[in-house]
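To start, the structure itself, in structure tokens.
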Amino acid sequence: MLLLIAHQVREEYYRLEKRFNIQFNGNCLYALSHYLIHRSRQPQSTINNEKARQLEDFLVQKFPLLYRFCEAILGALTLKLDIEPQRIDLLLLVLWFHKNGAISQQQVTRAIILAHGYATASSIANVANRLLKSQLFESFDMPLDVTPEAIANQVMAYIESHALASGLIILVDMGSLNAIHRHFNRRLSTPMAIINNVSTGMAMYVGERILQGVMLEDIVREIGDDLAVEHQLYYPQTDKPRAILTTCATGLGAAANLSALLKASIPEALGIDIVACDVETLADPARREPMLSRYEVLAIVGTLDPHLADLPWISLDSLISGEGSRPLMRIFGELATAEQVSEINNLILKNFSLRRVIESVTILDTAKVINQVEQFLLRYEHLAGRDVPNDRKVALYVHISCLIERLIRHASPAQYTGGSVRIASWLRYARPLVS
């Protein structure tokens, strides 16, 4: 009996794992199998309905993706094993998986193949998936007399049932399928590219780049240069995913670490993405346009102001000092409840202390680094005969910490254009040290 249930649990897990981008320890699957066996022998739960409802509301807000996954796997097992789970089973399953380290895997661009014929699309997808050693492509085999509306409905059903944060690439076999986006009966909430003249070679080309983490826009641009295809790229006009951008003058790595700190401060239920960008991307209109088309950008947080007139700028030093939380609260005030705003404020104050920020951007001993930079700043102020403003001190703490780490690791920073402008702006502060 246990082997049968474990087999069904494992089968449903592997089926849903790719759809929800969630990964578990394998032992969790056996624990769930044991639970289902013993649960059937237990009496009905006596938990208070109101308490169960409150717990359910909390879990839906706190772990929305994990909740939907547990709901789907229990629903599938209900049909396969002829069991009748209660609401408390779903709640316990969410808590159990969370406690045992459910991991949301990195969102990647999804890809589907649409082709006319009995098994054309599935054959191409099968070969590409086997060669790539990854179940990357989904396939839709279309009858010759199928209407564009019917195809569009299938694609929309796929979009609604899969996490598509990084976009969707649709490979089609005929030009007529290029127009299916006109028949979508709901608005897009993620970027989507439709590429014509699908083949096994094209599927391999696209699949390799998806697995390498190449952005959807770059795949579309490169495929037009490397393969003779027609392509179109569509962005959501409304209902774009909301995002806050993080940036840092020291490079994309530090911006990604700041992104992680900010992500830990914002409840997942708000559905706000935190996206790291390098300074040069934000400074170049052509390079930042895809980012602004993909997201509804709420604000930019970082150490170097890109001076974008339409987007609020919040400096890292103001977050550390507490002043930057006010503009963030104005943004969240329109999107969250009063309780959520209060929670965000407390988490920002906790996560964006100077010590915590330096810990996140370096692997060095934080106390020693802060002490060394403090001694340097005191010596600078003494030699220069001037006080460094607090906001600039905070920025120096962060940047010098990154510099020390790069020197120790012999890791050169990414090369950026326009560096001479930034150097010139700092020379007037450095001259007293060398004069």
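Take the sequence shown: its position 76, counting from 1, is numbered 76 in full-length UniProt numbering, and each next residue is one higher. The C-beta atom is built at its ideal place from N, Cα and C for all residues, glycine as well. Quick caveat: nothing in here was measured; it's all calculated off a predicted structure.
In terms of residues, what are the limits of the alpha helix (DSSP H) holding residue i?
i	result
VAL94	87 to 99
VAL220	216 to 226
MET202	200 to 211
ARG130	120 to 132
THR281	279 to 283
VAL369	366 to 384
residue 441	Because the chain is modelled from 1 through 435, residue 441 falls outside the range shown and cannot be assessed.
GLY302	From DSSP, GLY302 is part of no alpha helix (DSSP H) but of the beta strand (DSSP E) over 296 to 302.
Between residue i and residue j, what straight-line distance do the alpha-carbon atoms span, to the nearest angstrom?
i	j	result
TYR118	VAL127	16 Å
ILE159	GLU405	43 Å
ILE244	ARG294	12 Å
PRO143	LEU211	30 Å
ARG242	THR281	19 Å
ILE320	LEU262	12 Å
THR85	GLU268	Correcting the residue identity first, residue 85 is Pro in this sequence and not Thr. Taking the straight line joining both Cα atoms gives about 27 Å.
ILE88	LEU95	11 Å
GLU12	LEU32	12 Å
THR190	VAL369	42 Å
ILE331	ASP239	17 Å
MET192	GLN232	9 Å
ILE274	LEU258	9 Å
GLY167	GLN375	48 Å
TYR30	GLN154	34 Å
HIS307	LYS80	57 Å
ARG386	ASP278	32 Å
ALA6	ASP57	30 Å
ILE83	ALA52	21 Å
Counting along the chain, where does the beta strand (DSSP E) carrying residue i start and finish?
i	result
HIS116	110 to 116
residue 436	Because the chain in this structure spans residues 1 to 435, residue 436 falls outside the shown range and cannot be described.
THR247	242 to 247
GLN232	231 to 234
ALA193	192 to 195
SER139	137 to 142
Exposed or buried, which one is residue i when buried takes at least 16 other CB atoms within 10 Å?
i	result
ARG110	buried
GLN105	Here GLN105 scores only 49 on pLDDT, less than 50, and its place in the model should not be relied on; the value that follows carries that caveat. So GLN105 counts as exposed.
ASP145	exposed
SER342	exposed
ILE408	exposed
LEU4	exposed
LYS350	exposed
GLY251	buried
VAL9	buried
LEU383	exposed
ASP226	exposed
residue 437	What is shown of the chain runs 1 to 435, which leaves residue 437 out entirely.
Excluding the 5 residues flanking residue i on each side, which residues of the same chain have their C-beta closer than 6 Å to its C-beta?
i	result
ASP305	TRP313
GLU217	PRO290
ILE300	LEU245, LEU311 and TRP313
Please work out which residues of its chain come closer than 8 Å, Cβ to Cβ, to residue i, disregarding the five sequence neighbours upstream and downstream, and give them in chain order.
i	result
ARG287	GLU280 and THR281
VAL206	ALA111, ILE169, LEU171, ILE195, ILE219 and ILE223
ALA256	THR246 and ALA276
SER134	GLY207 and LEU211
ALA228	ASN197
ILE344	SER265, ILE266, PRO267, LEU328, MET329, PHE332 and ALA336
When you compare the CB positions of residue i and residue j, do they come within less than 9 Å of one another, or not?
i	j	result
HIS399	THR246	no
LEU77	LEU36	yes
SER315	ALA395	yes
GLU149	ILE113	no
LEU328	ILE348	yes
GLU381	VAL388	yes
ALA152	ARG130	no
LEU311	PRO236	no
ALA254	CYS402	yes
HIS38	PHE63	no
Can you name, in chain order, every residue of its own chain whose Cβ lies under 7 Å from the Cβ of residue i, other than the five neighbours on each side?
i	result
THR200	ILE124, VAL127 and ALA128
LEU90	CYS70, GLU71 and LEU74
LEU59	TYR67, LEU91 and VAL94
HIS116	MET142, LEU144, ASP173 and MET174
LYS393	LEU377
PHE184	ALA152 and MET156
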